[in-house]
Amino acid sequence: MQALDDFRSSARVWLEENCPQSMRTAMVQEEIVWGGRRPHYENPESKVWLDRLAEKGWTCPTWPQEYGGGGLSKEQTIILNEELRRINARPGLTSFGISMLGPVLLEYGSHEQKLEHLPKIVRGEIRWCQGYSEPGSGSDLASLKTKAELQGDHYLINGSKIWTSYADKADWIFCLVRTDFDVPKHAGISFILFDMASEGITTKPIQLISGASPFCETFFDDVKAPKNNLVGRLNDGWTIAKRLLQHERTMISSFGLASGQSDRGGTTSTVASLEGAAMHYRGDKGKLSDLVLRDEIAQFKIDSTAFMLTSQRSIEESKQGQGPNATSSMLKNYGCELNKRRYEILMKALGSQSLGWEGEGFNAEELLVTREWLRSKANSIEGGTSEVQLNVIAKRVLGLPDILSMSKTNQ
Amino acid sequence: MQALDDFRSSARVWLEENCPQSMRTAMVQEEIVWGGRRPHYENPESKVWLDRLAEKGWTCPTWPQEYGGGGLSKEQTIILNEELRRINARPGLTSFGISMLGPVLLEYGSHEQKLEHLPKIVRGEIRWCQGYSEPGSGSDLASLKTKAELQGDHYLINGSKIWTSYADKADWIFCLVRTDFDVPKHAGISFILFDMASEGITTKPIQLISGASPFCETFFDDVKAPKNNLVGRLNDGWTIAKRLLQHERTMISSFGLASGQSDRGGTTSTVASLEGAAMHYRGDKGKLSDLVLRDEIAQFKIDSTAFMLTSQRSIEESKQGQGPNATSSMLKNYGCELNKRRYEILMKALGSQSLGWEGEGFNAEELLVTREWLRSKANSIEGGTSEVQLNVIAKRVLGLPDILSMSKTNQ
Amino acid sequence: MALVLNEDQQMLKDSAKNFCQQSSPLSVLRKLRDTNDEIGFDTQIWQQMLSLGWAGIAVPETYGGFNFGYSGLGVVLEESGRTLTSSPLIPSVLIGATAINEIGSESQKLELLPKIIAGELLLALAVDEQATHSPSNITTTATKTDKTYLIQGKKTFVLDGHVADKLIVVTRTAGGTDKEAGITLFLVDSDSPGLEIKRTLMVDNRNSAQVHFDDVEVPSEAMLGEEGNGFIALDRVLDIARIGIAAEMLGSIQELFDRIIDYLKQREQFGVLIGSFQGLQHRAATMYSEIELCKSTVRAALAALDNPDLDRIEIAELASIAKAKLSEVYFLVSNEGVQMHGGIGMTDEFDIGFFIKRARVAQQFLGDATFHRDRYATLKKF
Amino acid sequence: MALVLNEDQQMLKDSAKNFCQQSSPLSVLRKLRDTNDEIGFDTQIWQQMLSLGWAGIAVPETYGGFNFGYSGLGVVLEESGRTLTSSPLIPSVLIGATAINEIGSESQKLELLPKIIAGELLLALAVDEQATHSPSNITTTATKTDKTYLIQGKKTFVLDGHVADKLIVVTRTAGGTDKEAGITLFLVDSDSPGLEIKRTLMVDNRNSAQVHFDDVEVPSEAMLGEEGNGFIALDRVLDIARIGIAAEMLGSIQELFDRIIDYLKQREQFGVLIGSFQGLQHRAATMYSEIELCKSTVRAALAALDNPDLDRIEIAELASIAKAKLSEVYFLVSNEGVQMHGGIGMTDEFDIGFFIKRARVAQQFLGDATFHRDRYATLKKF
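Protein chains in written order, with UniProt numbering: chain A, 1 to 411; chain B, 1 to 411; chain C, 1 to 382; chain D, 1 to 382.
Written out as structure tokens, the structure is:
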């Protein structure tokens, strides 16, 4: 315990000295740092803060120091996070490398692969994107058709991916490819890494109903990836893919977690809390004057608090045991549904002021609500649809039988 | 049109002269007339009313006069019903013979069968019960195992039925039996009629969670039914069964229809309307003081009005075409869900006064709410579960594919 | 009650369907959006609608109309809802012409209705002042001077206000805020001095306006109906409009549902059509049932408008039932539309997004489900 | 916050589970009902619970208890909820002993708590006066005379009031109806002259009483807490009780869900197990998720009671969250329990009916979901 107290003191001192003042304020969308070869720092202090964190490995505090991480124990990491929250410190780096690729490289990657990629992730030097879904594959991810053929010292990759987040801005991709067409679909998939600057790659942003284009279609035309960029064993990529999906679900469910807080993404505004927005737009005579809406908001806040407590419990339980588990499907699904509900209630609270698209008549915050409401509809589609999560719960958690295999054995 | 106007005048005069005064009041549970060999008339005027109606065939106004019916056209029947409603006349007879067996006998029965059974149904001389479900068969009705073997001039019937409504009070049964075990399950079923006084029949009432026992288990041990009691062709009983189920659904959906009215089963009481009950138990300051409950009641009443309009539209549409159709599944399902909702809202409105079982502390009306609430839970199980109705809508109305047949063709 | 269309109504519906599918498909709305069209509807299509007589369907023959009833206008709105057609049918015909016809003096009717029917005059209704619909909650004042009234205040969510020739403005000439007494309607030329009309672009690509009145002077003859007694007449016009909007919503919901069912029947996942999954089947069956209820409420409400035997309260109940129910079901079906289409439903390239955007605007316009449930309960005295 | 049980709590839970499953299965409740038992619980089982020390789990050692905290009492209630065990644990221990311990004077605690723990004294709380829970809405009056108070009024839904030795009675000594100020609690012997206790049999086979006070005289020493300041203390006791009830509900919900899942895995229809139908699977998965949330809220609320750092408002919020959430989910799961079991679920012979009956009583007891959402919103100042 003394050691932990010492760690807390030293972390607190270090943060006090090293975290720039503007990094101790609520994050704003434009100042999120994604890193990469062509990094963008809207606020110059963001770079200072990232560099200092990265030097200590604290962008990835639990990763081994050997690979650039902080080498901290779970207990130390909890303390570090508490201290970061205490001063309201912003995350230094937002990255699919940290939240998705890193954990599976640590588990399945070779020593050389870890040495090559992990330190760059820690320092935010390489921005990663994910090549999973393909046009038409939808929830049936394993039906993927992008082909990788071994040709001497490299794989030749042909095919296309869809829903690759920020593929047009990413430096490298972790990608599922088919390396055997003659076996059941799950058994012929491999997990491979390659540089997005390679010849033969084109990306095309997809415009969403919200007007934003965070995703791309990505096309591979005879792209060469070195043979030793394969992670894990050949044709064993599905194991890695599933593991990574669990990490992704854990990350996405935290959206829902955030929606439980009054504090929306750290911003302070009229619409930061549902009840605040409702009282502002609907009137407030000591209490919210629309009692039906008030009941709906109370129900939402009760559910989101219960959800937050469940996420915490899941963390406490996983401390006593394993990493992300089947409950990640439950958390992902519930968190996403909560976030969608939150925006629908917000739309209701704002009334016709939530119906603007652009231009005069609506303030920036109101216009953002409209866009974010539309964006939220993807929550229950991306990272595995609600339907898939419910299937996973039914089959893996509750052990209910699969109808297709039942009917095969029965008839 | 003149003819119809004449019909209306004469019907009105007849009703004025023949409908006893006590038959022009809201029906009460105890005075419902079921007829049968051992009829019970709590109110002697019920018998007078039934006999007078039966003499004109107006217990079954659309059935041919040849079989004891009223021989009225659709237009005349509508007028008769309007006139009956005008004076708030009670139904003369409540009978599964009228609502279920009669229509299919008219469609599938032989002339002799019609002559034998229909007039007795019209006059309420025979009370019928339905032998469909079997222990364990549940929604998979066609899996029935009760066996009928032809032995000379009669069938020998062995097996058991469950959920036979009032089997312990019924005189005859219309029953599904298996007459061929060597063909797919739907192809070996026949529809047969027999006397419940036959040797070898025993009935055992089933106590429900509401405390009531409207259903029985019924056992057949070498029961003999004359060969010519078979309705329709041998092994073609499933066609008749399905048709009869449509009539049953139409009947059950009318429960939901009734629940849309302020008037609950014609009774006038504190709990007759949801809003009346809520205002009585929850307080009323010009409007219902619990605004959240008020919103819920408004939503219910809107839905039930919309449902009532839909039932009417379905009747109008069927006038232009066929008899009960696939929308009967929709109406059955929605009506039952409405009725369940109604009781849950009523429980909420009455608060702890809805939680009594018997004895002091609760008035008769309150105790009835508790029991009827429990009873209502069966609405979405009997006559085909909600799940089955939704399947029927999905497959027959919307034309969505069946997963079991898909997987058979695909794999 | 006539819950089934008669032959003439069915013929009009078929012809409207034909026109909308052929001449005014959803791609028209997309093009208006992509070209940032300032008018917000296609003037050529509008001219064709005028030549089909759509602007006069519900107007009596005396004023140049076809006296075909609101049921007739309803089926046209329903079909235009299927293609999400944006046109002056809602603001100028359903609302504007109805207001003149219901409230106007004989001379106002004789002057204005033929112009609306001919497409020479576009109207817009300025009623809402806050972010939620609350038609008796009026603070815009009209103060009587010698021979004129001076209007002061502001209005929001004025559909197509930016292209209207005249605004129908709901003002207060007496009484306190949120009182039904003291409300007076005026017809105000959109080029009146002191009047500022600011176009706002909505998420459904329609145009609403925010309107400011700074001592806008209108002559006494511009009054629509009686001074101080405007609310009851207004409320009936709003009820007709709510029923008409519900009819348009019904068309959109049915179109959306048809697209969902088509997709369930053609999209394969895990080796089977996704329409074979019972989870989706039950949700589809639930939507189907709700949509059947929607059809009945819309038909009943339209039929009621054409039935002179019904009183104001009966119409009001049916209007609130229809608007509440349709709003709730459009919400359900538009969300399911995106969810069941998965990723493709989230892309702008695909049409589903247009429906969910239109859904939220239509839900709120002239009162959302909560508003109408409250109103229904009040009408039912509980 | 400790959202996972520690080792000692887990051991207590395991032993409680063992006891309830072995000695107090659901069949005990059925037998009590079928024999029209007048007491409403099995006295032998209650004696065994007493010898296990369950009545003293949350009571400090000074008064003969085990000081094991509310988390300890909570896991016992949870396990007794699995078997729908009816016993004085709720009225006399969870509510009665807590009230004495939280509000009583030192001498009251020293006198009464050991008796409760030994099973020599049964208590019941008389708070509700109307059909809905509204603890500040008190019209039963206590009027001060020379050295005594005279209580006049009536109470309803007094759980186990018919067998209680003393009632804890919430009265008004000052102030108007529905004011928090002016509320005073008294301990009243159940054999006091002028006191009429009428047993009422509830749908869940428990017993509540309706109690009439006709100038029931109680000495000043019978006052529990301060005169006129009773509400805040009462509200804390009610919060503890609400959390305890939520723990019991959690046990029942889990048991019910386990039975549903078992049934889905063994019941065949159309040649397959019904648990393979996706429609049912998705509903089961939804229930599972909601139950996980229930577990967390109950654990968090119990842990909060044992955490001296939390203030009254924080406890109140968690109590309302737990009672609202559990009420809502018990409603869902009990309805699904009947529906998914089909016909057999409707029969009295099968046990599912006991759960739906208990569910509605537990939902309403000490405030239903709507009450607690309203209270939560008030606590959160919106």
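By construction, the Cβ of each residue, glycine as well, lies at the ideal position given by its N, Cα and C atoms. Please read all numbers here as calculations on a predicted model, not as lab measurements.
To the nearest angstrom, report how far apart residue 263 of chain A and residue 88 of chain A are at their CA atoms. With a pLDDT of only 34 at residue 263 of chain A, under 50, the local geometry of the prediction cannot be trusted, and the value read off the model is given with reservation. Rounded to the nearest angstrom, the two C-alpha atoms are 12 Å apart.
Presumed contact (8 Å Cβ cut-off) between residue 366 of chain B and residue 351 of chain B, rounded CB distance: Contact doesn't hold; Cβ gap of about 10 Å is too wide.
Say whether chain A places a C-beta atom closer than 8 Å to the C-beta of residue 269 of chain D. no
Sequence-distant residues of its chain with Cβ nearer than 7 Å to residue 204 of chain D (five each side left out): 357, 358 and 361
Expressed to the nearest angstrom, what Euclidean distance is found between the alpha-carbon atoms of residue 387 of chain D and residue 337 of chain B? The structure shown has nothing for residue 387 of chain D, since chain D only spans 1 to 382.
Beta strand (DSSP E) containing residue 150 of chain A: first to last residue? 147-151
Going along the chain, which residues of its own chain have a beta-carbon closer than 6 Å to the beta-carbon of residue 261 of chain A, five neighbours each way excluded? With a pLDDT of 41 at residue 261 of chain A, under the threshold of 50, the modelled position of this residue cannot be trusted; read the value that follows with caution. Nothing listed; no residue qualifies.
Residues of chain D with CB under 7 Å from residue 281 of chain B, in chain order? 131
What ranges does the beta strand (DSSP E) occupy inside the UniProt domain "Acyl-CoA oxidase/dehydrogenase middle" (130-216) of chain D, keeping only unbroken runs of at least 3 residues that lie completely in it? 141-144, 148-159, 166-172, 183-189 and 195-202
To which residues of the same chain is residue 377 of chain B closer than 8 Å at the C-beta, ignoring the five residues directly before and after it? 209 and 340
What residues from the segment 368-388 of chain A come within 7 Å of chain D, judged by C-beta to C-beta, listed N to C? none
Beta carbon of residue 58 of chain B, beta carbon of residue 118 of chain B: below 8 Å? no
Where residue 371 of chain D falls, given that 16 or more other Cβ within 10 Å makes a residue buried: Classification of residue 371 of chain D: buried, given that the 10 Å Cβ count is 16 or more.
If contact is defined by three or more beta carbon pairs under 8 Å, each pair taking one atom from either stretch, is the segment 73-92 of chain C in contact with the segment 107-126 of chain C? yes
Listing by chain order, which chain D residues have their CB less than 8 Å from the CB of residue 75 of chain A? Those within 8 Å of residue 75 of chain A in chain D number zero; the least Cβ separation is about 16 Å.
Going along the chain, which residues of its own chain have a beta-carbon closer than 8 Å to the beta-carbon of residue 268 of chain D, five neighbours each way excluded? 274
How many angstroms separate the CA atom of residue 13 of chain D from the CA atom of residue 385 of chain B? For the pair residue 13 of chain D and residue 385 of chain B, the Cα-to-Cα distance works out to about 39 Å.
May I ask you to verify whether the segment 219-228 of chain B touches the segment 153-161 of chain B, counting CB pairs closer than 8 Å and requiring at least 3? yes
Strictly below 9 Å CB to CB, what residues from chain D border residue 278 of chain C? Neighbours of residue 278 of chain C on chain D, chain order: 277, 278, 279, 280, 281 and 282.
Which of the three DSSP states, helix, strand or coil, is assigned to residue 190 of chain A? strand
Decide if residue 290 of chain B is buried, meaning its Cβ has at least 16 other Cβ atoms within 10 Å, or exposed. buried
Find the residues of chain C that neighbour residue 287 of chain B, judging by a C-beta separation of less than 9 Å, and give them in chain order. 377, 378, 381 and 382
Counting along the chain, where does the alpha helix (DSSP H) carrying residue 158 of chain A start and finish? No alpha helix (DSSP H) contains residue 158 of chain A, which is instead part of the beta strand (DSSP E) from 154-165.
Inter-stretch contact at 8 Å, needing at least 3 Cβ pairs: the segment 133-141 of chain C / the segment 97-111 of chain C: no
In the DSSP assignment, the alpha helix (DSSP H) including residue 201 of chain B goes from what residue to what residue? Premise fails: residue 201 of chain B lies in the beta strand (DSSP E), 201-206, not in any alpha helix (DSSP H).
Can you give, in chain order, each stretch of the alpha helix (DSSP H) that sits fully within the segment 328-404 of chain B and has at least 4 residues? 364-376 and 386-392
With which residues is residue 98 of chain C paired in a DSSP beta bridge? Beta-bridge pairing links residue 98 of chain C to no other residue.
Going by DSSP, what residue range makes up the beta strand (DSSP E) through residue 60 of chain B? No beta strand (DSSP E) contains residue 60 of chain B, which DSSP labels as neither H nor E.
8 Å contact criterion, which residue 322 of chain C and residue 246 of chain C should meet: CB distance rounded: 4 Å
Which term fits residue 85 of chain D, buried or exposed, when burial requires 16 or more other beta carbons within 10 angstroms of its beta carbon? buried
In terms of DSSP beta bridges, what is residue 284 of chain B paired with? Beta-bridge pairing links residue 284 of chain B to B:288.
Does the pairing of the segment 335-355 of chain C with the segment 299-307 of chain C give three or more beta-carbon distances under 8 Å? no
Does the beta-carbon of residue 128 of chain D have 16 or more other beta-carbons within 10 angstroms, so that it is buried, or is it exposed? By the 10 Å Cβ count, residue 128 of chain D comes out buried.
Consult DSSP for residue 219 of chain A and reduce its assignment to one of helix, strand or coil. strand
Chain-ordered chain D contacts of residue 397 of chain A [CB-CB under 9 Å]: 285 and 288
Alpha carbon to alpha carbon, how far is residue 130 of chain A from residue 174 of chain A? Their backbone Cα atoms lie some 5 Å apart in a straight line.
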